[in-house]
Structures are given as structure tokens and as C-alpha cells.
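Okay, structure first, notes after.
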Ligand SMILES: [Zn+2]
Ligand SMILES: [Zn+2]
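Residue numbers (the numbering used here): 2 to 138.
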């Protein structure tokens with residue numbers, strides 16, 4: 002886990018949207034769901050679950066897209082980088098794209114969710130817990 006607070010910041014590809022955390026992430030995971038795949042244009046998304054109260058945006062605020070009746074996604078309106086996912090059911094937390102962190106190298110996920118949607122040609126070489134759907138299952 003990342004303990005250097007200078008590492009708890011990041012932003013989009015163009016640098017317009019920046020974020021900073023006041024506390025360390027609550028969880029680190031890979032999501033294989035189809036919506037993350039489409040939203041990121043990638044076979045998988047690595048997410049850092051963070052406390053909403055610990056997060057501060059700076060620069061140009063990200064644009065918000067309602068991706069389902071239950072959730073929204075945030076992305077940079079300038080460069081399109083996917084940045085965040087937020088479930089309406091859990092307004093006190095949200096997920097930030099680990100790849101957007103300045104020190105993404107230090108934030109290694111420790112579990113997989115929605116493995117039931119994993120693309121058959123993509124897998125990671127690890128023995129981390131694999132949940133068929135969300136964490137509850
Ligand atoms: Zn940008
Ligand atoms: Zn997902």
C-alpha cells in the first residue's frame with residue numbers, strides 16, 4: 002500500500018483534471034465488468050476505492066456521465082481520460098482509476114471483481130481472490 006502522501010495524487014492525461022487524497026485508499030482492485038471495459042476502452046480497469054471526504058479535485062472539474070441508473074463515471078472533458086466511478090448506493094466513497102495516480106506503480110490491486118465478465122483472451126498472472134461479480138458475492 003502506498004504510504005507516501007505525495008503519492009496520493011494524480012490526474013488525467015492532459016493535466017486539466019487533478020486530484021489529491023487526504024488519506025490512503027480504502028481498497029485496491031481489478032474490475033472486469035463490461036461497463037468498465039467499455040468506459041475505459043480496455044480489457045480491465047484497476048480501481049482505488051477512496052473516501053469521498055478525503056478527495057479534492059483541482060484544475061478543471063471532471064465531467065460526470067450517468068453510466069447506469071445506479072452509478073456515474075467521471076472523465077476529463079478535455080482529453081477524455083476515465084477518472085472515477087461512483088455508485089449512488091455508496092455516496093461516501095468512490096473509485097479512482099489507479100492508472101491516473103502519479104505513483105500508480107505503488108498501488109497494486111489485491112483482488113478481482115466481476116471475473117464472470119473477464120475477456121477470455123485476457124488474464125493476469127496472480128493468485129489474488131477472484132469474485133464472480135461484486136465483492137458481496
Ligand atoms: Zn485531461
Ligand atoms: Zn467495473
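Here a beta-carbon is modelled for each residue, glycine too, at the ideal position from N, C-alpha and C.
query: Of the residues 95, 42 and 89, which one's Cα is nearest the Cα of residue 53?
result: The residue given as residue 53 occupies position 52 in the chain shown. Of the candidates 95, 42 and 89, the one whose C-alpha sits nearest the C-alpha of residue 53 is 95.
Segment limits, alpha helix (DSSP H) that includes residue 37: To locate residue 37, count along the chain shown from 1; it is residue 36. Residues 35-41.
- request: List the endpoints of the continuous beta strand (DSSP E) containing residue 10.
  value: Walking along the chain shown from the start, residue 10 turns up at place 9. First-last of the beta strand (DSSP E) with residue 10: 10-12.
message: Quick check: what's the CA-CA separation for residue 68 versus residue 83?
response: Position 67 of the chain shown, counted from the start, is the residue given in the question as residue 68. Position 82 of the chain shown, counted from the start, is the residue given in the question as residue 83. Their Cα atoms are separated by approximately 12 Å.
message: Just list the residues that DSSP pairs residue 81 with in beta bridges.
response: What you label residue 81 is simply residue 80 of the chain shown in a count that begins at 1. Note: residue 81 sits in no beta bridge, so no partner.
- prompt: Where residue 129 and residue 25 are concerned, what is the direct C-alpha to C-alpha distance, given to the nearest angstrom?
  reply: In the chain shown, the residue the question calls residue 129 occupies position 128. In the chain shown, the residue the question calls residue 25 occupies position 24. Cα-Cα distance, rounded: 21 Å.
8 Å contact criterion, which residue 22 and residue 55 should meet: CB distance rounded: Start at 1 with the first residue of the chain shown, and residue 22 comes out as number 21. Start at 1 with the first residue of the chain shown, and residue 55 comes out as number 54. That belief holds up - the Cβ atoms of residue 22 and residue 55 are roughly 5 Å apart, short of 8 Å.
- prompt: Quick one: is residue 62 buried, meaning 16 or more other Cβ sit within 10 Å of its Cβ, or exposed?
  reply: Your numbering for residue 62 matches position 61 in the chain shown. Flag for residue 62 reads exposed.
- request: To the nearest angstrom, report how far apart residue 71 and residue 90 are at their CA atoms.
  value: As a position in the chain shown, residue 71 is number 70, starting the count at 1. As a position in the chain shown, residue 90 is number 89, starting the count at 1. About 7 Å.
Close Cβ partners of residue 64 (< 8 Å) along its chain, the five nearest in sequence each way excluded: Within the chain shown, residue 64 is the residue found at index 63, counting from 1. Taken in chain order, the residues that qualify are 75, 76, 77 and 78.
Cβ-Cβ separation, residue 85 to residue 11 (assumed contact under 8 Å), whole Å: Along the chain shown, one-based indexing puts residue 11 at 10. Along the chain shown, one-based indexing puts residue 85 at 84. Contact doesn't hold; Cβ gap of about 11 Å is too wide.
message: Check this for me: beta carbons of residue 18 and residue 58, under 8 Å apart or not?
response: As a working note, residue 18 is residue 17 in the chain shown. As a working note, residue 58 is residue 57 in the chain shown. In contact: residue 18 and residue 58 (Cβ atoms closer than 8 Å).
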